[in-house]
Amino acid sequence: MAPIAIDPVEIPAEIRFPTKTVAPPATVKLPLINNGSLNNLEQFDVTPVIGTEFPEANLVDMLNAPNADELLTELALTISQRGVVFFRKQDNLTNELQKQLITRLGELSGKPESSGLHVHPVFSADGNHSGQADKEISTISSRTAKDLFSQSDRQDVCAKKQSSFQWHTDIAFEKVPASYSSLRLTELPKSGGDTLWASGYELYDRLSPAMQQFFEGKTCTYAVPGYNRAAERGNFSLYSKPRGSPLNVGTELRATHPVVRTNPITGWKSLFALDCQQINGLTKGESNLFCDWLKKLIVDNHDLQVRLRWKNPNDIAIWDNRSTFHNATYDYFGLGDRFGNRAVGLAEVPYYDPNSKSRWESLEGSNIGKYLHMESITE
């Protein structure tokens, strides 16, 4: 059975992610298979479920290596399997090289040619005073956030007491949302500003079979009206030209995606709906109940999270938005500014393949898979 395309717009075949009815690129066979090319690099899993750190590796060296494609293909798979990876002190990684890295990760993992790097509708808008020189680099700046968003919007985004409700995936409001995202911080506060990630694979696996079946095949709607309000207050227009994909156009930042999504790089199922406005087909009250419950599962299960303390300028995190959520920590006010550069890649239109497997099913022989499965049954 072919994956189910759920986006309401008509999607040309050359833009859709290859499925059983559209052959993938001849050079890329999915799901990817480990080639072992990163085995000689020092690395460790930050937690059993999510996060791998390469404390000494240099990404520019990998980009320039004779076997760069082999290394980056393995890196793409590692990111998609582990959710997020960390590299320290990448002082020779420029914005252009960061963009090249994210582009190659997408190309080597079979992204459609029509998908490139995302252009942010606010930070790249004409007339915006944020000083965004490169439209394919989003500047993450505590100073700009204060200027662009009203006090009420900042409270919606940054309220410390409600930080647990800011778990999200990047640009889910786009018809073609983010695949690999990268964030390299160049200026750090004296303390605070950590970033957390949570595994969508693990979130799906901890649901009962009945609840998994309930969510599978359902869709949800994403929207960010706060961006339109920011543009209206700032007297500028949102960037309405193609934002990394011919499907990402206009100023109505709204999209429909599957609640459970298949990650094509691993072939694993992941919970995708978390920061959505509505689970379609449910009443608003029912939708809010389920969305709040899913967020609570992340908050209550710290062992499906990983936390990065940014130690040095040019530390970088790279993650796969198809199967992870992340959350900034807004605890550094008065401790200095937090500034960095983000490059975001796009790939396929999200889909759900009912024949795909869960992470637990794929790792059934591993100790952690057996342990977690036993816990879910006994409890």
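Sequential numbering of the sequence shown, starting at -13, is according to the working numbering. Virtual Cβ for every residue (Gly too), placed ideally from N, Cα, C.
Classify residue i: buried if its beta carbon has 16 or more other beta carbons within 10 angstroms, exposed otherwise.
{"i": "LYS282", "result": "exposed"}
{"i": "LEU233", "result": "buried"}
{"i": "GLY186", "result": "buried"}
{"i": "TRP279", "result": "exposed"}
{"i": "ALA196", "result": "exposed"}
{"i": "LYS255", "result": "buried"}
{"i": "THR119", "result": "In the sequence as presented, Thr is not what sits at residue 119; that position holds Ala. The residue in question, ALA119, is exposed, as its Cβ has fewer than 16 Cβ neighbours within 10 Å."}
{"i": "GLN199", "result": "exposed"}
{"i": "GLU42", "result": "exposed"}
{"i": "GLY22", "result": "exposed"}
{"i": "THR125", "result": "buried"}
{"i": "ILE304", "result": "buried"}
{"i": "CYS144", "result": "Caution is warranted here: a pLDDT of 49 is assigned to CYS144, below 50, making its placement in the model unreliable, and the coordinate value is therefore given only provisionally. So CYS144 ends up on the buried side."}
{"i": "GLU122", "result": "buried"}
{"i": "PHE72", "result": "buried"}
{"i": "ASP289", "result": "exposed"}
{"i": "LYS426", "result": "No answer is possible for residue 426: the residues shown for the chain start at -13 and end at 365."}
{"i": "PHE3", "result": "In this predicted model, PHE3 has a pLDDT of only 39, less than 50, meaning its place in the structure is not dependable enough to derive any value."}
{"i": "PRO17", "result": "buried"}
{"i": "ALA9", "result": "Residue confidence for ALA9 is low, a pLDDT of 35 falling below 50, so the modelled location carries little weight; the figure read from the coordinates is stated next. So ALA9 counts as exposed."}
{"i": "SER231", "result": "buried"}
{"i": "PHE135", "result": "Confidence is the limiting factor: at PHE135 the pLDDT is only 48, short of 50, which leaves the residue's position unreliable and the question unanswerable from this model."}
{"i": "ASN20", "result": "exposed"}
{"i": "ARG369", "result": "Outside the displayed range of the chain (-13 to 365) lies residue 369, so it cannot be described from this structure."}
{"i": "PHE159", "result": "buried"}
{"i": "GLU93", "result": "buried"}
{"i": "GLY179", "result": "buried"}
{"i": "THR248", "result": "buried"}
{"i": "GLY320", "result": "exposed"}
{"i": "LEU45", "result": "buried"}
{"i": "LEU368", "result": "Residue 368 cannot be examined here, being either before or after the span of the chain that is shown, -13 to 365."}
Would you list the one or two residues that DSSP bridges to residue i?
{"i": "CYS262", "result": "None; CYS262 has no bridge partner."}
{"i": "LYS255", "result": "THR248"}
{"i": "THR181", "result": "LEU294 and ALA314"}
{"i": "ILE126", "result": "GLY326"}
{"i": "ASP31", "result": "THR38"}
{"i": "LEU368", "result": "Shown here, the chain extends from -13 to 365; a query on residue 368 therefore has no answer."}
Could you give the first and the last residue of the continuous beta strand (DSSP E) run that contains residue i?
{"i": "GLU173", "result": "164 to 173"}
{"i": "ASN327", "result": "325 to 332"}
{"i": "THR38", "result": "38 to 40"}
{"i": "TYR208", "result": "205 to 209"}
{"i": "VAL71", "result": "70 to 73"}
Return no unless some Cβ of chain D is closer than 8 angstroms to the Cβ of residue i.
{"i": "ASN81", "result": "Absence of chain D from the displayed structure is noted, only one protein chain being present."}
Under a three-way DSSP split, which group does residue i fall into?
{"i": "SER362", "result": "Only weak support exists for where SER362 lies, its pLDDT of 48 falling under 50; the value from the coordinates is given anyway. Three-state DSSP puts SER362 in a helix."}
{"i": "ILE304", "result": "strand"}
{"i": "VAL285", "result": "helix"}
{"i": "ASP120", "result": "coil"}
{"i": "PHE200", "result": "helix"}
{"i": "ALA241", "result": "strand"}
{"i": "THR64", "result": "helix"}
{"i": "TYR338", "result": "strand"}
{"i": "LEU321", "result": "coil"}
{"i": "ALA(-9)", "result": "Model confidence at ALA(-9) stands at a pLDDT of 41, short of 50, so the residue's coordinates are unreliable and nothing is read from them."}
{"i": "VAL8", "result": "Any reading at VAL8 must be qualified, since the residue scores a pLDDT of 36, below 50, and its modelled position is unreliable; the value itself is stated next. In this structure, VAL8 counts as coil in the three-state DSSP scheme."}
{"i": "ARG140", "result": "Caution is warranted here: a pLDDT of 47 is assigned to ARG140, below 50, making its placement in the model unreliable, and no coordinate value can be reported."}
{"i": "ALA(-1)", "result": "For ALA(-1), the predicted model reports a pLDDT of 40, less than 50, meaning its position is unreliable; a value from the coordinates is still stated below. Note: ALA(-1) maps to coil in three-state DSSP."}
I need the boundaries of the alpha helix (DSSP H) containing residue i, first residue and last residue.
{"i": "ASP191", "result": "186 to 191"}
{"i": "TRP346", "result": "345 to 348"}
{"i": "THR89", "result": "81 to 94"}
{"i": "ASN21", "result": "No alpha helix (DSSP H) holds ASN21; DSSP gives it neither H nor E."}
{"i": "ASP47", "result": "45 to 50"}
Review point. Touching or not, the region 330 to 343 and the region 292 to 299, by the rule of three or more beta carbon pairs under 8 angstroms?
Key: no
**Study point:** Segment contact flag, the region 68 to 88 with the region 209 to 222, C-beta cutoff 8 angstroms, min 3 pairs
**Key:** no
Exercise for review: Would you check if the region 97 to 104 and the region 59 to 69 touch, i.e. whether three or more CB-CB distances between them fall below 8 angstroms?
Suggested key: no
Review point. Is it true that the region 254 to 273 meets the region 21 to 41, where meeting means three or more beta-carbon pairs spaced less than 8 angstroms apart?
Key: no
Point to revise | Sufficient close CB pairs (3 or more, under 8 angstroms) joining the region 52 to 61 to the region 305 to 321 | key: no
Review point. If we count Cβ pairs, one from each stretch, closer than 8 angstroms, do we get three or more for the region 221 to 233 versus the region 105 to 114?
Key: yes
Check your understanding: Taking contact to mean at least 3 C-beta pairs separated by less than 8 angstroms, is the region 165 to 177 in contact with the region 339 to 346?
Key -> no
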